[in-house]
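Colleague: Chains as they are written, first to last, in this note's numbering: chain A, 1 to 343; chain B, 344 to 686.
Glycine included, C-beta positions come from ideal geometry on N, C-alpha and C.
Number of protein chains: 2
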Amino acid sequence: MNSSRPVTIKDIAKRFRCSPSTVSRALNDHPAINEDTRKNIQEYAKEVGYQRNEVSLSLLNKKTATLGVVVPTISNYYETAVIEGLHNVLQPMGYTLNICVTNESYLLEKEYLSKLLSNRAEGIFLSVSQETYDSGYYEHLEQVASRKTPLIFIDREYEDFETSRATVDDYHGAFAAVEHLITMGYKQIAHLKGPNGLTVSEQRFKGYKDCLIKHGMEVREELIINTNFKVESAILPTRRLLEMETPPDAIFGVNDQVAIGAMRVAKDKGLRIPQDMGLVGFDNSPISAYTFPSLTTVNRPGRKIGMEASRLFLSELNASGDYAHESIVLPSELIIRESSLRI
Amino acid sequence: MNSSRPVTIKDIAKRFRCSPSTVSRALNDHPAINEDTRKNIQEYAKEVGYQRNEVSLSLLNKKTATLGVVVPTISNYYETAVIEGLHNVLQPMGYTLNICVTNESYLLEKEYLSKLLSNRAEGIFLSVSQETYDSGYYEHLEQVASRKTPLIFIDREYEDFETSRATVDDYHGAFAAVEHLITMGYKQIAHLKGPNGLTVSEQRFKGYKDCLIKHGMEVREELIINTNFKVESAILPTRRLLEMETPPDAIFGVNDQVAIGAMRVAKDKGLRIPQDMGLVGFDNSPISAYTFPSLTTVNRPGRKIGMEASRLFLSELNASGDYAHESIVLPSELIIRESSLRI
DNA sequence: TAAATTTTTTCAAACGTTTGCATTCAATAT
DNA sequence: ATATTGAATGCAAACGTTTGAAAAAATTTA
Chain A
1 MNSSRPVTIK DIAKRFRCSP STVSRALNDH PAINEDTRKN IQEYAKEVGY QRNEVSLSLL
61 NKKTATLGVV VPTISNYYET AVIEGLHNVL QPMGYTLNIC VTNESYLLEK EYLSKLLSNR
121 AEGIFLSVSQ ETYDSGYYEH LEQVASRKTP LIFIDREYED FETSRATVDD YHGAFAAVEH
181 LITMGYKQIA HLKGPNGLTV SEQRFKGYKD CLIKHGMEVR EELIINTNFK VESAILPTRR
241 LLEMETPPDA IFGVNDQVAI GAMRVAKDKG LRIPQDMGLV GFDNSPISAY TFPSLTTVNR
301 PGRKIGMEAS RLFLSELNAS GDYAHESIVL PSELIIRESS LRI
Chain B
344 MNSSRPVTIK DIAKRFRCSP STVSRALNDH PAINEDTRKN IQEYAKEVGY QRNEVSLSLL
404 NKKTATLGVV VPTISNYYET AVIEGLHNVL QPMGYTLNIC VTNESYLLEK EYLSKLLSNR
464 AEGIFLSVSQ ETYDSGYYEH LEQVASRKTP LIFIDREYED FETSRATVDD YHGAFAAVEH
524 LITMGYKQIA HLKGPNGLTV SEQRFKGYKD CLIKHGMEVR EELIINTNFK VESAILPTRR
584 LLEMETPPDA IFGVNDQVAI GAMRVAKDKG LRIPQDMGLV GFDNSPISAY TFPSLTTVNR
644 PGRKIGMEAS RLFLSELNAS GDYAHESIVL PSELIIRESS LRI
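Pasting the structure below:
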């Protein structure tokens, strides 16, 4: 019958009739400990499965080696890629990532941040929830900042909050995507937009709009319809688009999921892609290369964003107080595939 | 200039020339504290942004309210659904989920488990990595068990390790999928298998094989090819299948990704789906409903698994030592769509 | 053999919080 | 005026570990 209570240094000390300090030193290979003592203690510790209580150490050293990662969702390829990037850099350095999913809720986001601070997380990576964004509240962020806990924005950001951030150049990615469609001769380009208010949605939308304007094309309000990033949310909007008197001959989706939803509807209508209808997505998710036809998209370097964000965190950590926040914008890259390649 | 060091109860005590106990009680609305004292202290605490140090509390109470979730990946729909399910149940109860991604590595898995124990996680949900599975090591699991830390297996499991587990009935799902293909008149059914050794791979493979046998069909070894669950990994195997003298007229993919990869290759070859080639996947990922044609698949209730696993954890927690481990097997469900519906 | 030196071990404090028990102080009852 | 009560606060220990300084034990030197 194994003991339920974890064995402590004191238990071992009692067993050897020595002081806890000796045990501690023995376990940590302190030079001032007798070789025999050390060996005996280490052996016994292993035997009984002693494992250092990191909680007490955290208290003592005021270091928890824990970082918070607060994101609205982990259901998309991109988000998981970011986490992978963070993980790749920070895990080997001994950090534990505490991943918190807000589900786009302001309340949950607030609660998580508060909890992370209470648990003395040493840094927080945050992609703000949509509700937070909409509401414009950010006292919960002030709280983090006033604690001098490094706070790194990922992707979605408050324009007017002073902190480091790592984002992808959504604007130029979208611009390039739409310009490509124009080059391919598409005349009526619709946009399946993301939720209002989010940086990613708005930046891509702006890229779309500016590109049309630059090329002297009309921005038809009715060709711009909202979605929520999910496949399903593209179905009805696309149907509506295709039933118009002057339907679009190309669709720029806010992400791959949405573009794939649109592709499905267009094919159901008997449209040939890319001949009758051009399609471009965003994200370069793994599946996009294997749809039929394959999907033209914009690459979004999620892993790199995670790695850059880690870098920002580390340099803020090493800075001595007077740290100048940094903004990293990674370029996005158009990946031309079949869905838009009209010859 | 805000202080970098978090303000403690002692700081507040000093400010009010009272003892830490008084501050503690005041903050916790202890009845034996003078109303004015209480109000003043609470006000001041709020003003200076006091936040209880949960680390010290954890040490004192030996409770961390932290649970480990150790999974090989979070890049698939299914895994994120499971996490969502765990989250939905446990977050409201005040638990923090510590999500650890092993990337299928035994070493990382071991390290994470050890770390979770050191950090005194109160329970661990584990989907073992492939390497662990292959190697057959499980001392790192014994360690968890001997600590009496509830350990719940998710999905992938060691047959011979005594603990609670929540899994999906992969076998019957696969069986139903293949039987459906047979009913539809497909004669040569190939299987794009998952990595060897993993429960999910093997169970689905077994369902496939047993179904063929039950229906008196030949199990052709050359029609069974390994993949790694990813889209890309289906491309070459499918090409190989289609170039055979007697190529298959249907493919059962170990998951949707693989089936979608196969779909792409088949369509490239000019095969019509489902007329010339039947396809079935596994997972019922969101995208599967919107491929063209839509993909017949087997639903895998990830969220439910997460919720069931939570339940298992909670009942083990509430049990007084003599807990009989439980095995939950959730049914999987065939979802018939276009890719196999040959009339 | 005593003093000097080296090796090994112990003591005590610290990290931040809670809590049973003891103490203080004022108000009330005798 | 004194005993009794009650309210409000303080003390000290505890959680598990580390670490500088002090103490003890063992060894070497003269």
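Could you tell me the distance, in whole angstroms, from the CA atom of A/Arg342 to the CA atom of B/Met436?
Modeller: So the two alpha carbons sit approximately 55 Å from each other.
Colleague: Could you say which of A/Lys230, A/Lys269, A/Glu232, A/Val231 lies nearest to A/Ala249 if we only look at CA atoms?
Modeller: Note that residue 249 of chain A is Asp in the sequence shown here, rather than Ala. Comparing Cα-Cα distances from A/Asp249 to each of A/Lys230, A/Lys269, A/Glu232, A/Val231, the minimum goes to A/Lys269.
Colleague: Starting from the N-terminal side, write out each stretch of the beta strand (DSSP E) that is 3 residues or longer and does not extend beyond the segment 58-83 of chain A.
Modeller: 66-71, all fully within the segment 58-83 of chain A.
Colleague: Spatial neighbours of B/Asn441 within its chain, please: C-beta separation below 7 Å, excluding the five flanking residues on both sides.
Modeller: Cβ within range, chain order: Thr409, Leu410, Gly411, Val412, Leu459, Ala464.
Colleague: Kindly list, in the order they appear in chain B, the residues whose Cβ is closer than 9 Å to that of A/Pro286.
Modeller: Per Cβ cutoff of 9 Å: Ser418, Lys573, Val574, Glu575, Gln600.
Colleague: In chain order, which continuous runs of the alpha helix (DSSP H) of length 4 or greater are located wholly inside the segment 561-617 of chain B?
Modeller: If we require 4 residues or more, the alpha helix (DSSP H) runs fully inside the segment 561-617 of chain B come out as 575-585, 599-611.
Colleague: Quick check on A/Asp283: buried or exposed, where buried means 16 or more other Cβ atoms within 10 Å of its Cβ?
Modeller: Burial call: buried.
Colleague: In the structure shown, what three-state DSSP assignment does A/Thr37 receive?
Modeller: Correct three-state label for A/Thr37: helix.
Colleague: Thinking B/Ile495 and B/Leu657 are a contact (beta carbons under 8 Å), I'd like their distance in whole angstroms, please.
Modeller: No, B/Ile495 and B/Leu657 are not in contact; Cβ-Cβ is about 10 Å, not under 8 Å.
Colleague: Pull up the distance between the alpha-carbon of B/Ile568 and that of B/His534, whole angstroms please.
Modeller: C-alpha separation (whole angstroms): 7 Å.
Colleague: Are B/Arg547 and B/Ala517 close, meaning C-beta to C-beta below 7 Å?
Modeller: It is a contact, given that the beta carbons lie within the stated cut-off.
Colleague: For A/Asn40, would you say it is in contact with chain B, using Cβ-to-Cβ distances shorter than 7 Å as the test?
Modeller: No, A/Asn40 lies away from the interface with chain B (no Cβ there is under 7 Å from its Cβ).
Colleague: Closer than 7 Å, Cβ to any Cβ of chain B: which residues of the segment 90-103 of chain A, in chain order?
Modeller: Under the 7 Å Cβ criterion, the segment 90-103 of chain A contributes Thr96, Asn98, Ile99, Val101.
Colleague: Against chain B, does A/Glu54 count as a neighbour if the rule is that its beta carbon must be under 7 Å from one of theirs?
Modeller: By this cut-off, A/Glu54 is an interface position.
Colleague: Based on DSSP bridge pairs, tell me the residues matched to A/Cys165.
Modeller: At residue 165 of chain A the sequence reads Arg, which differs from the Cys that was named. BP columns for A/Arg165 point to A/Phe153, A/Ser327.
Colleague: Taking 8 Å as the threshold, find out whether the segment 447-455 of chain B comes into contact with the segment 475-486 of chain B through three or more Cβ pairs.
Modeller: The answer is yes - the segment 475-486 of chain B touches the segment 447-455 of chain B, with three or more Cβ pairs under 8 Å.
Colleague: Out of curiosity, what's the CA-to-CA distance linking A/Val128 and A/Ile83?
Modeller: Computed Cα separation, rounded: 15 Å.
Colleague: Take A/Gln51 as the anchor and find which of B/Ser461, B/Phe468, B/Glu681, B/Ser544 has the nearest alpha-carbon.
Modeller: It is B/Ser461 whose Cα lies nearest to the Cα of A/Gln51.
Colleague: Just how far apart, CA to CA, sit A/Glu232 and A/Gly194?
Modeller: Spanning the two alpha carbons is a distance of roughly 13 Å.
Colleague: Less than 6 Å between the CB of A/Leu334 and some heavy atom of the ligand FMN, yes or no?
Modeller: With respect to the ligand FMN, the structure offers nothing, as it holds no ligand at all.
Colleague: Count the other C-beta atoms from every protein chain shown that fall within 10 angstroms of the C-beta of A/Val258, then say buried if there are 16 or more, exposed otherwise.
Modeller: Buried, by the Cβ-count rule.
Colleague: Can you tell me whether B/Gln473 is buried or exposed, with buried defined as 16 or more other CB within 10 angstroms of its CB?
Modeller: So B/Gln473 ends up on the buried side.
Colleague: Got a sec: which bits of the segment 236-263 of chain A sit with their beta carbon under 8 Å from any beta carbon on chain B, in order along the chain?
Modeller: Under the 8 Å Cβ criterion, the segment 236-263 of chain A contributes Gln257, Ile260, Gly261, Met263.
Colleague: Scan the segment 487-518 of chain B for residues whose Cβ lies nearer than 8 Å to a Cβ of chain A and list them as they occur along the chain.
Modeller: Hits within the stretch, in order: Ser489, Arg490, Lys491.
Colleague: Distance cutoff 7 Å, beta carbons only. Does B/Leu684 sit that close to anything in chain A?
Modeller: So no, B/Leu684 is outside the interface.
Colleague: By the criterion of Cβ-Cβ separation under 9 Å, what are the contact partners of B/His483 in chain A?
Modeller: Per Cβ cutoff of 9 Å: no residues; B/His483 is ~11 Å from chain A at best.
Colleague: If we call anything under 7 Å between Cβ atoms a contact, is A/Val280 one with A/Ser332?
Modeller: Result no, Cβ atoms of A/Val280 and A/Ser332 do not sit closer than 7 Å.
Colleague: Where does B/Asn441 fall in DSSP's three states?
Modeller: Three-state result, B/Asn441: strand.
Colleague: In the DSSP assignment, find the alpha helix (DSSP H) that holds B/Gly649 and state where it starts and stops.
Modeller: Where B/Gly649 is concerned, the enclosing alpha helix (DSSP H) stretches over 645-661.
Colleague: Consider the Cβ of A/Tyr290: report whether some Cβ of chain B lies at a distance smaller than 7 Å.
Modeller: At least one chain B Cβ lies under 7 Å of A/Tyr290.
Colleague: Please say whether B/Ile630 and A/Thr80 have beta carbons closer to each other than 7 Å?
Modeller: No, these two residues do not count as a Cβ contact at 7 Å.
Colleague: Flag B/Leu402 as yes if its beta-carbon sits less than 7 Å from any beta-carbon of chain A, otherwise no.
Modeller: Taking Cβ atoms only, chain A reaches closer than 7 Å to B/Leu402, which makes this a yes.
Colleague: Taking only three categories from DSSP, how would you classify A/Asn2?
Modeller: Legend: pLDDT at A/Asn2 = 40, less than 50; position of this residue unreliable, value from coordinates given subsequently. Of the three classes helix, strand and coil, the one that applies to A/Asn2 here is coil, per DSSP.
Colleague: What three-state label does DSSP hand A/Lys209 in the structure shown?
Modeller: Looking at A/Lys209 - three-state DSSP - the assignment turns out to be helix.
Colleague: Quick one, are the C-beta atoms of B/Asp513 and B/Val672 less than 7 Å apart?
Modeller: Result no, Cβ atoms of B/Asp513 and B/Val672 do not sit closer than 7 Å.
Colleague: Look at the alpha carbon of B/Leu541 and the alpha carbon of B/Met650, and state the distance between them as a whole number of angstroms.
Modeller: When rounded, the distance between both Cα atoms is 23 Å.
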